[in-house]
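To start, the structure itself, in structure tokens.
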């Protein structure tokens, strides 16, 4: 199934709403996005950050107050949704309850006036693609959540959309099915090479499916990058804390050489990458330390010494809460076999994997 | 993540400019509403408050100084108050019994049928049956008890007749409410040690108060507007406003006086309408979603109470059934109370010399039904789904003719369309328009209620798949709100067959209605044909309801929310 591959440009788009209590609020504020042809971009952020509004403006369900949206170079800002040729998968699937699976999937083709034989063939093909051959005459009420999700997906891709948009498509599924479906969505997107924009508040889901992630907060895109980039080199405390768990350790930058810095913190000096920040020696900084970059060693070895406040065995891993001076640190170690003899209340040495630590300027909230 | 969607409306330019189809329909509907709702009402007000271009309160002052008319005003309010109270109590007893006493299915069906009868009959059917039973030669007063010189006319008979006619409205508003109360709340109170009576008093009843207030106001308005029952039963000693207005116009040919009287009626009617719309409807603790609460109700009543409630309901239901049986009997005998020999004479009369009336009525109802259904669903869809300037105003205006007593609407139409520029008096169109814009409101409300349960994303999905707003409406929205459409059709048809208060002012030599003919028969004391006409109307209405029900099942696609009631709320 060949689909024309195009890019999406969102240029300075803003959208205001009037709120009963808060007055006029920005749902999206000067949003810029540049999605390459065939790319899988995820808009990630907490509730109310503007990601769904942005997606709905790309689809044409909402109209921006400012800015423009281009699909494959064509300005579609004033174009209604039904003329944009976009596939949209809704959070609640929005399957037509009065139509069978076949008629749901065929709907977009019928609207386009295609011949019945062509429609039958296309619908059959796409249902086979999503693994629902034989479900043609079922109604949405008779399907499980995962099956409804697949019908919604089939209905969106059968029209050969130029862009595929997902609005939290997995939030109504149970945890196991969610993992399975996100893999299926990812594989399908790769095989069709279709430009895709995906909205979620689940950072793990975002990392699992995306080529690139744009983190949004209060209507604006605050950082874009690969999952690894966001995780290890967050540009702000918001991104650092929203994407994964993190220790933010206050310190003072002593020295800077190339891409690495030396920071006085935790009663010692810690080497770290500069990340996205440009801080000068003497500045107050925060070290971005993920729980798993802290390695527990014998007392006296490692970079600094800490006390174990609690440890929680979780099967594949053990989580520790450490204290060093007045700083509390989260630490996660994978259990490869028998658990070590670390006791609550006992001191340990901590070694920091310097290559995975970065700094943030104190002010970068 | 519908982050900004709840409690939020868009600031940017409304979508109307983007969609020429929507814009066209909106403009057309506004034109119709202005012509058939706003214009007549303002003409009425103009006639009351202006004389040759000068503002005057003389018309109203004339009424306020006329003791007879002032009495009519207070009588109307008193009657409405009593009907509201009595009807709400009986409606609540019925609703509570149906919801809580674990009746077998067939008994529930029987109750529903008995309750439905008054709603689908011409408004004065119970009034005729009252005369048959308690009149000077009444079956009960004269034949059974041998009383002579009994007068049935007055407050008591009018009140009883109106309560029996209108309590089903209270039943239909309260029953879903009682069904929707989470029975865990009552179970919880019981487990905390409260007695059943205490649970009822402190949990169940307080939760129902907004519903009771709502039912009371609906009944109050219905009684205030009722014209036919007092005309037949109230007699000379108990004048009420709607009948006074009618007599002023038809008896004394005093259009201005009639208009002024109907203006007096307008004030309490509007008050009740606004109270119901902006105060009571926002105070519901229990949300009626259409889904059942899903738990088995706990044993909320003791066996003794159950028997008492059942007996009370049985008594009321039996009275209703007796009245209708009596009506049927009266249509089949020579002269009830005098000669009880069976005959088909009355039916022969109505199917020969009365055939034209039947034909006229069916033509008018047949025209009003599809137009009213279409109007209801279009307007309901637009105000519920399309953001355009003034949509709240449009919804409010669309409810005005429904909320106002028929007498006012009828007089307003009579004044507005009697002279050029728009001369419609004497045509079928004026009656059809009156029915469409008065009773289409039920379809509007049903449509809005259904659309509130249908997620907007369904329409967006259609749009995203390339369908324009016309295609989306036809292929997605319309099939899903079809039950509301059929409700609209049903109500407009039933009311077109049974209503009289507005249209009695609009009938002419060329076009008249069965209900009006029944009234004429009653005043001429030819009660046999009146009974036969009434039976015919009930039969036609039942047949059409059955057909609509069948049509609904035929057209209804799977997955569509079933319609709860044709008359609820």
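Chains as they are written, first to last, in the numbering used here: chain A, 1 to 365; chain B, 1001 to 1569. For each residue, glycine too, the CB sits at the ideal point set by N, CA and C.
Which residue spans inside the stretch 1192 to 1225 of chain B form an unbroken alpha helix (DSSP H) run of at least 4?
Listed in chain order, they are 1196 to 1199 and 1205 to 1225.
Please confirm whether residue 266/A and residue 304/A have their CB atoms less than 9 Å apart.
yes
Taking C-alpha atoms, which residue in 1156/B, 1125/B and 1020/B lies nearest to residue 1086/B?
1156/B
Tell me, to the nearest whole angstrom, how far the beta carbon of residue 242/A is from that of residue 203/A; I am working on the premise that it is less than 8 Å.
7 Å
Is the shortest distance between the beta-carbon of residue 29/A and the beta-carbons of chain B less than 9 Å?
It does not; no Cβ of chain B falls within 9 Å.
From what residue to what residue does the alpha helix (DSSP H) around residue 1367/B run?
1355 to 1385
Can you find the residues in the same chain that come closer than 6 Å, C-beta to C-beta, to residue 353/A, ignoring five residues on each side of it along the sequence?
293.
What separation, rounded to the nearest whole angstrom, lies between the Cα atoms of residue 356/A and residue 252/A?
18 Å
Skipping 5 residues on each side, what residues in its chain have a beta carbon closer than 8 Å to that of residue 91/A?
167, 168, 169, 171 and 172
Proximity test, Cβ basis, 9 Å: residue 40/A and chain B:
When Cβ-Cβ separations below 9 Å define contact, residue 40/A makes no contact with chain B.
Taking contact to mean at least 3 C-beta pairs separated by less than 8 Å, is the stretch 1114 to 1121 of chain B in contact with the stretch 1151 to 1170 of chain B?
yes
Would you give the residue range spanned by the alpha helix (DSSP H) that residue 223/A belongs to?
Note, residue 223/A: premise wrong, no alpha helix (DSSP H); beta strand (DSSP E) at 220 to 225.
Nearest residue (CA-CA) to residue 39/A, options 163/A, 16/A and 359/A:
163/A
I think residue 1548/B touches residue 1490/B, with their Cβ atoms under 8 Å apart; what is that distance to the nearest whole Å?
5 Å
Alpha carbon to alpha carbon, how far is residue 1345/B from residue 1128/B?
19 Å
Whose Cβ in chain B lies nearer than 7 Å to the Cβ of residue 108/A?
1465 and 1466
Keeping to the same chain, check which residues put their C-beta closer than 7 Å to that of residue 1321/B; ignore five residues upstream and five downstream.
1114
Whole runs of the beta strand (DSSP E) within the stretch 166 to 250 of chain A, excluding any shorter than 3 residues
195 to 200, 212 to 217 and 220 to 225
Enumerate in chain order the residues of its own chain whose CB-to-CB distance from residue 1220/B is below 6 Å, with the five nearest sequence positions on each side excluded.
1080, 1084 and 1272
Residues that residue 86/A contacts on chain B, provided the C-beta gap is smaller than 7 Å
1464
Helix, strand or coil, according to DSSP, for residue 21/A in the structure here?
Of the three classes helix, strand and coil, the one that applies to residue 21/A here is coil, per DSSP.
Cutoff 9 Å: residue 1484/B Cβ touching any chain A Cβ:
no
Have a look at residue 1394/B and residue 46/A and give me their C-alpha separation to the nearest angstrom.
38 Å
Pick from 1174/B, 1111/B, 1133/B and 1049/B: whose alpha carbon is nearest that of residue 1160/B?
1133/B
Beta carbon proximity, residue 169/A to chain B, threshold 9 Å:
It does not: the Cβ of residue 169/A has no partner Cβ on chain B nearer than 9 Å.
Determine the direct distance from the alpha carbon of residue 1466/B to that of residue 112/A, and round the result to whole angstroms.
7 Å
Going by beta-carbon coordinates alone, are residue 1058/B and residue 1066/B separated by less than 9 Å?
no
Same chain only: Cβ atoms within 7 Å of residue 361/A, ignoring 5 sequence neighbours per side:
277, 279, 283 and 285
So does residue 1466/B have its beta carbon nearer than 8 Å to some heavy atom of the ligand ZN?
The model on display carries no ligand, and the ligand ZN is accordingly not part of it.
Euclidean distance between Cα positions of residue 1001/B and residue 57/A:
With a pLDDT of 35 at residue 1001/B, under the threshold of 50, the predicted position of this residue should be treated as unreliable, though the coordinate-derived value follows. Between residue 1001/B and residue 57/A, the C-alpha separation is close to 14 Å.
Classification of residue 1075/B by the beta-carbon crowding that lies within 10 angstroms, buried from 16 upward
Buried.
Check whether residue 161/A and residue 358/A have beta carbons under 9 Å apart:
no
Along the chain, where does the alpha helix (DSSP H) that runs through residue 1127/B open and close?
Where residue 1127/B is concerned, the enclosing alpha helix (DSSP H) stretches over 1125 to 1134.
Within-9 Å CB hit, residue 1382/B to chain A:
no
Among 1035/B, 1124/B and 1424/B, which has the Cα closest to the Cα of residue 1229/B?
1124/B
Alpha-carbon to alpha-carbon, residue 119/A and residue 1218/B:
52 Å
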